[in-house]
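Residue numbers (our numbering), protein chains in the order written: chain A, -3 to 412; chain B, -3 to 412.
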């Protein structure tokens, strides 16, 4: 298995001013190619440190990916450090020069003199074209290691890696390369420990294919990875585990990759040609925002009311004033009345309501921070649900969890 | 100036499965303490790699911060690697043992046998207590370098760094330490290049104190850093530049640190005892969500209507049907009618409306994606504004930019 190191260059990274996301992205791609990433190193714009880091990497791994330090300024030292580490000269590369001239010609702009430094590469190296920037990359052999130097700008780095570095790497790995295929299956509504308890056989150490569980804002995801000598073989190795997860966790599954509860609800609404109107109090418009962040949401979402004040609940949703006065704005009865009112006013198939105490203040012993009531009105009547999401959680978490539970509850109603 | 290296340990980091945010956080803190961070290194859970990385760090810097590898499992190798690098034994630390016993006693749970491995530290080291987890940290001298080893869990790492590592570091730096003080001042409404052009004197290289400009979702921020031998001295060095920025950019300034347009609008509304109601079409509830994400928003926000469909604009906001039919839902006239309608229905001092084409579909030659009209109704009448935020921008950017412009426009109206 080929061992690799990823080196990021830039004082803005060592100082912590910028978060390095390139290295993790590259590590993931190498992992998919079956390459063992052993080290990440971040260094500032210092020539001696760069030379030392390149030499060390060339001694301990076979493949080194470098990001940054290829710009036209004096701080950009990757070219020179690589040449010094190898003991060779920097030479002007005619292809890099032609690319540079073409880049500025397309923009009808003169070429700043300093950009010509970017056409020099260490003798024996090969340039990696950069169609969307002025900094070409460099493919170079130092000792027994191959170096791929790429610009630090994420878009330029990603395009260069995929289009130009991957073929070079495949040339190194030859037929021995393993292809890794991944799936991420998301669930909502069951806690992480419950999901874990129901998946002990899947997450057991040494199981093939590997299954991991991660959690983000109460959405619990299975991550499955399988490898094979071809993509088809890897997919075949993956599929039985995917099928098993779908069979076992059925209704809890809301989608794959970046899909969350709102995508799942949108699918159910579209499949049934149904519409939904929203009456939001403590979630303050977040559910509307989540639904309308999806393109095409006007097909099932006519709109909603953010009834933050009691007057709005009465005037705009028709909640009886005595319900609020006797039961309170945060109550099962108010949630039901809000749902009925909003369904009626928007002529929708479903009316979904949320009322609760998002905090940090406003909680009482009887109605603590985190207490939330949901209401769902439909053609056959209205139902409600009580959630306890606090009291120690911050406002943003209570709003987000309440929104996700409300959306998921509606989704499950439609599937029932 | 003391030189430092930050080492993160964990296969989930080298493989790219998790993004390392600890290292950037630690680098920022060290920068504030006037320490020069020269290297970040990330290594997997491999004993030989750990030993080699610790030795290398001890030869090239004076301070090494290590995160991760302190848990109770076989993958947790920091303790052993540190002892091997120094050529010393691991010894049981009585304070670590007492902390561990107390930790489980507070939870009324038996101590798993494997946790006792966490009470061993390299001979000559000192433990760093962890009040919120089971893994104590380690302060240790290796060669001429001091090592602070902390757990990888971000909350535990941050608490341990602030409470226990910083005093150790101050013991090293003594009186020679420089204190760095920072301010971040946020503006909205002017483009990054305009702000830059008006701030060339501030951002000139070598200026003291340093001023940088960063942009995030159309909010442009000045970052100012000044140093001194005491905090008071650093603040004094900073203040004239802060004053200059406030004088020069006056009304464009919306707040400091994490404050954005919604915080600035909330301040203006509270100062005037005014209320605002929202009629959102293309922003789909995002403005409501931004306002209600702030604690205490019920003081100035009675609520709003998300009038996604034309019927909702007519039924709930009283927009004349002929306005929509003749001028269109996305028009100056509809925006004005929405603002008047929502102000009236919620009995608010201000009615703010947004209607536009968020895309990706729905655009025409006359009304392209990104065309947005804002309306603002108040006691003296109604006004409107036209924005062009597309057409190449994604839906999420158009929704977010439209929301921020609408909020900022209202803020400026109140200040005028």
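Note that CB positions come from ideal geometry on N, CA and C, so glycine has one too. Just so we're clear, the structure is a prediction, and the values are computed from it rather than from any experiment.
- Between the alpha carbons of residue 183 (chain B) and residue 208 (chain B) lies a distance of about 13 Å.
- Note on geometry: alpha-carbon atoms of residue 311 (chain B) and residue 297 (chain A) lie some 15 Å from one another.
- Taking 9 Å as the upper bound on Cβ-Cβ separation, chain A lies near residues 37, 38, 39, 40, 42, 45, 48, 49, 52, 56 of the stretch 37 to 61 of chain B.
- Counting only the Cα atoms, residue 74 (chain B) lies some 12 Å from residue 136 (chain B).
- When Cβ-Cβ separations below 9 Å define contact, residue 343 (chain B) makes contact with chain A.
- Between residue 304 (chain A) and chain B, the shortest Cβ-Cβ separation is below 9 Å.
- At least 9 Å separates the CB of residue 349 (chain A) from every CB of chain B.
- Within the DSSP bridge table, the entry for residue 154 (chain A) names no partner.
- When Cβ pairs closer than 8 Å are counted between the two stretches, the stretch 365 to 384 of chain A is seen to touch the stretch 393 to 402 of chain A, the count reaching three or more.
- Within its own chain, the residues whose Cβ lies closer than 6 Å to the Cβ of residue 53 (chain A), once the five positions on either side in sequence are excluded, are 1, 60, listed in chain order.
- DSSP places residue 102 (chain A) within a helical segment (H, G or I) once states are collapsed to three.
- Ranked by how close their Cα comes to the Cα of residue 332 (chain B), the residues B:349, B:387, B:322, B:324 have B:349 in first place.
- Listed by position along chain A, the residues whose Cβ is nearer than 9 Å to that of residue 17 (chain B) are 15.
- Residue state for residue 224 (chain B) is assigned as strand, using DSSP reduced to three classes.
- Using a 10 angstroms sphere on the CB of residue 161 (chain B), the tally of other CB atoms reaches 16 or more, which defines it as buried.
- Chain B has no Cβ within less than 9 Å of the Cβ of residue 67 (chain A).
- In this structure, the CA atom of residue 243 (chain B) is about 10 Å from the CA atom of residue 237 (chain B).
- Three or more Cβ pairs closer than 8 Å define a contact, and the stretch 10 to 26 of chain A meets that threshold against the stretch 7 to 14 of chain B.
- Put simply, the stretch 279 to 290 of chain B does not touch the stretch 195 to 210 of chain B. Fewer than three CB pairs are less than 8 Å apart.
- Of the other Cβ atoms in all chains shown, fewer than 16 fall within 10 Å of the Cβ of residue 128 (chain B); this residue is therefore exposed.
- Counting C-beta pairs with one atom in each stretch, the stretch 144 to 158 of chain A and the stretch 223 to 242 of chain A have fewer than three that are closer than 8 Å, which means they do not touch.
- Cβ proximity to chain A below 9 Å picks out 279, 280, 281, 282, 283, 284, 285, 286, 287, 288, 289, 290, 291, 292, 293 from the stretch 279 to 293 of chain B.
- Secondary structure at residue -3 (chain A): coil, using DSSP grouped into helix, strand and coil.
- Against chain B, the CB of residue 20 (chain A) has a partner CB under 9 Å away; the residue lies at that interface.
- Taking a contact to require three or more Cβ pairs closer than 8 Å, the stretch 85 to 94 of chain B and the stretch 115 to 122 of chain B qualify as touching.
- Taking 9 Å as the cut-off, the beta carbon of residue 131 (chain B) is found no closer than this to the beta carbon of residue 108 (chain B).
- Nearest to residue 308 (chain B) by alpha-carbon distance, out of A:299, A:55, A:276, is A:299.
- With the criterion set as a beta carbon lying under 9 Å from some beta carbon of chain B, the stretch 223 to 256 of chain A has no members that meet it.
- Neighbours of residue 392 (chain B) across chain A, judged by C-beta separation under 9 Å: 289.
- Look at residue 385 (chain B) here: in three-state DSSP terms it is coil, with no helix or strand label.
- In this structure, A:18 is the residue among A:386, A:18, A:143 with its C-alpha nearest to the C-alpha of residue 151 (chain A).
- C-alpha of residue 316 (chain A) to C-alpha of residue 303 (chain A): approximately 14 Å in a straight line.
- In the three-state reduction of the DSSP assignment, residue 136 (chain B) falls in the strand class.
- Rounded to the nearest whole angstrom, the C-alpha separation of residue 233 (chain A) and residue 205 (chain A) is 7 Å.
- Of the candidates A:345, A:373, A:341, A:373 places its Cα closest to the Cα of residue 335 (chain A).
- Just so you know, the alpha carbons of residue 126 (chain A) and residue 66 (chain A) end up roughly 11 Å apart.
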